[in-house]
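S.K.: One structure coming up, written as structure tokens, with questions to follow.
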Amino acid sequence: MVGTDGAGSTVRQAAGIDFPGTDSTVFGFLGDVELADPPERPGFWHNEHGALIVAPIGGGGHYRVTGYDPSDPIPTLESLRETTKWIAGTDFGMRSPVWLSRFGNAARLAAEYRKGRVFLAGDAAHMHFPAGGLGLNVGLQDAMNLGWKLAAVQRGWADPALLDTYHPERHPVGVALGENTKAQTALITATTEEGRSLRRLMADLLRAHSDVATALANTVTALDVRYPGTHPLAGQRLPATREQLHLLREGRPVLLAQEAVPALKDLATSADLRLYETQLPWPTAAVLMRPDGHVWAAGDTAEQLADAMAELPLA
Numbered sequence: 014m015v016g017t018d019g020a021g022s023t024v025r026q027a028a029g030i031d032f033p034g035t036d037s038t039v040f041g042f043l044g045d046v047e048l049a050d051p052p053e054r055p056g057f058w059h060n061e062h063g064a065l066i067v068a069p070i071g072g073g074g075h076y077r078v079t080g081y082d083p084s085d086p087i088p089t090l091e092s093l094r095e096t097t098k099w100i101a102g103t104d105f106g107m108r109s110p111v112w113l114s115r116f117g118n119a120a121r122l123a124a125e126y127r128k129g130r131v132f133l134a135g136d137a138a139h140m141h142f143p144a145g146g147l148g149l150n151v152g153l154q155d156a157m158n159l160g161w162k163l164a165a166v167q168r169g170w171a172d173p174a175l176l177d178t179y180h181p182e183r184h185p186v187g188v189a190l191g192e193n194t195k196a197q198t199a200l201i202t203a204t205t206e207e208g209r210s211l212r213r214l215m216a217d218l219l220r221a222h223s224d225v226a227t228a229l230a231n232t233v234t235a236l237d238v239r240y241p242g243t244h245p246l247a248g249q250r251l252p253a254t255r256e257q258l259h260l261l262r263e264g265r266p267v268l269l270a271q272e273a274v275p276a277l278k279d280l281a282t283s284a285d286l287r288l289y290e291t292q293l294p295w296p297t298a299a300v301l302m303r304p305d306g307h308v309w310a311a312g313d314t315a316e317q318l319a320d321a322m323a324e325l326p327l328a
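At position 45 of the sequence shown (counting the first as 1) the number is 58 in our numbering, and the numbers step up by one without a gap.
Shown next as structure tokens:
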């Protein structure tokens, strides 16, 4: 059983998995609406009244209006109009709501991502302020991490012990997710002069240092996730080209080599793996790639790689 049924997960509750954390102290709002007088371009406002983003979605004159309002408004069209006008000075002729919602900064993390035959993924495993899309990316990674492992065990090419790696790999990512979104929430919601100074400093750093912007972008997209392993490359994500990603399409591990020498061909045959010759971004002869795009084993020789693979829960 895999629980992907959201923050109020029935699966998690039925399995008796604890969901410790904190309740909401600040709130946000969201509405998908038509605007009779929309801004000329996607807009962002942040002042002593709150924060607001207005951006078009899907064409047809519909816009997403979302932000932070300390007053925690009830999600009605009238409250959204009032809040938007309070922050931006106009309600842009808001009308015809398709969806209205509110959210908070409650932060919770499942104590166990696996309990017996029950697994949790996505919002059923972690709850947080929806800042930057990080939760979406982490949830997709949960599903990918667990999905290929379940398939591997079900199809018989991996030992059931492989499923034991799900919690130790993904739970730390959930911890980091909570810390990151708490920091983002503090930046977004601080209305003090100190808070405004901190936002200006962050903006200056991002403009002046591209490496800082890149690091934060990799965090928000969850591309900086690395899993534990004994080899220096183990657990790293392959910064792959489209062609290399295509090699993982079958959902099974594959061997990637700088040069498909006979010893590696023999290893691939004996392990019933596909071997592809491609330019690797690391100075190593070959790697065994997981279906989720992370390095599972690596070696400078076929013998080293075979030794590393012998430690993996392959059937």
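Just so it is clear, CB atoms sit at the ideal spot from N, CA and C, and this is done for glycine as well.
Just verifying my parser: in three-state terms, what is the DSSP assignment at HIS75?
M.R.: strand
S.K.: Measuring CB to CB, does GLY80 end up less than 8 Å from GLY102?
M.R.: no
S.K.: What is the DSSP secondary structure of GLU47, reduced to helix, strand or coil?
M.R.: strand
S.K.: Is LEU65 near THR97, with beta carbons less than 8 Å apart?
M.R.: yes
S.K.: List, from N- to C-terminal side, the beta strand (DSSP E) runs of 3 residues or more that fit wholly inside the segment 283-317.
M.R.: 287-290, 299-302, 308-312
S.K.: Does DSSP put TYR81 in a helix, a strand or coil?
M.R.: strand
S.K.: Hey, how far is the Cα of ASP155 from the Cα of VAL186?
M.R.: 9 Å
S.K.: Which residue from TYR179, HIS222, THR243 puts its Cα closest to that of MET322?
M.R.: THR243
S.K.: Can you grab the Cα-Cα spacing for the pair ALA281 / THR314, in whole Å?
M.R.: 13 Å
S.K.: Please identify the residue among PRO173, ILE201, ASN150, VAL238 whose C-alpha is closest to the C-alpha of PHE57.
M.R.: ILE201
S.K.: Starting from the C-beta of THR198, find all residues in its chain whose C-beta is less than 7 Å away, skip the five residues before and the five after it, and write them out in chain order.
M.R.: VAL39, ASN118, PHE142, ALA144
S.K.: Can you give me the Cβ contacts of ALA20 inside the same chain, cut-off strictly under 6 Å, excluding the 5 residues immediately before and after it?
M.R.: Correct list, in chain order: ASP136, MET140.
S.K.: Report, in whole angstroms, the separation of the C-beta atoms of ALA299 and ALA328, which I expect to be a contact under 8 Å.
M.R.: At roughly 21 Å, the Cβ-Cβ gap does not stay under 8 Å, so ALA299 and ALA328 are not in contact.
S.K.: I need the DSSP call for ALA27, collapsed to helix, strand or coil.
M.R.: If DSSP states are grouped into helix, strand and coil, ALA27 belongs with the helices.
S.K.: Between the Cα of GLY71 and those of VAL46, VAL308, GLU91, spot the shortest distance and give me the residue it belongs to.
M.R.: VAL46
S.K.: Please work out which residues of its chain come closer than 7 Å, Cβ to Cβ, to MET302, disregarding the five sequence neighbours upstream and downstream, and give them in chain order.
M.R.: LEU251, LEU261, PRO266, VAL267, LEU269, VAL308, TRP309
S.K.: Take the Cβ of VAL188 as the centre, count every other Cβ of all protein chains shown within 10 Å, and call the residue buried at 16 or more, exposed below.
M.R.: exposed
S.K.: Strictly by DSSP, which residues pair up with SER114?
M.R.: SER114 pairs with LEU43.
S.K.: When DSSP builds the beta bridges, which residues end up paired with ILE66?
M.R.: PHE57, THR79
S.K.: Between the C-alpha atoms of ALA164 and ALA311, what's the straight-line distance to the nearest angstrom?
M.R.: 23 Å
S.K.: Taking the Cβ atom as the reference point for each residue, do GLY44 and VAL78 lie within a distance shorter than 8 Å?
M.R.: yes
S.K.: Around the Cβ of GLY152, are there at least 16 other Cβ atoms within 10 angstroms (buried) or fewer (exposed)?
M.R.: buried
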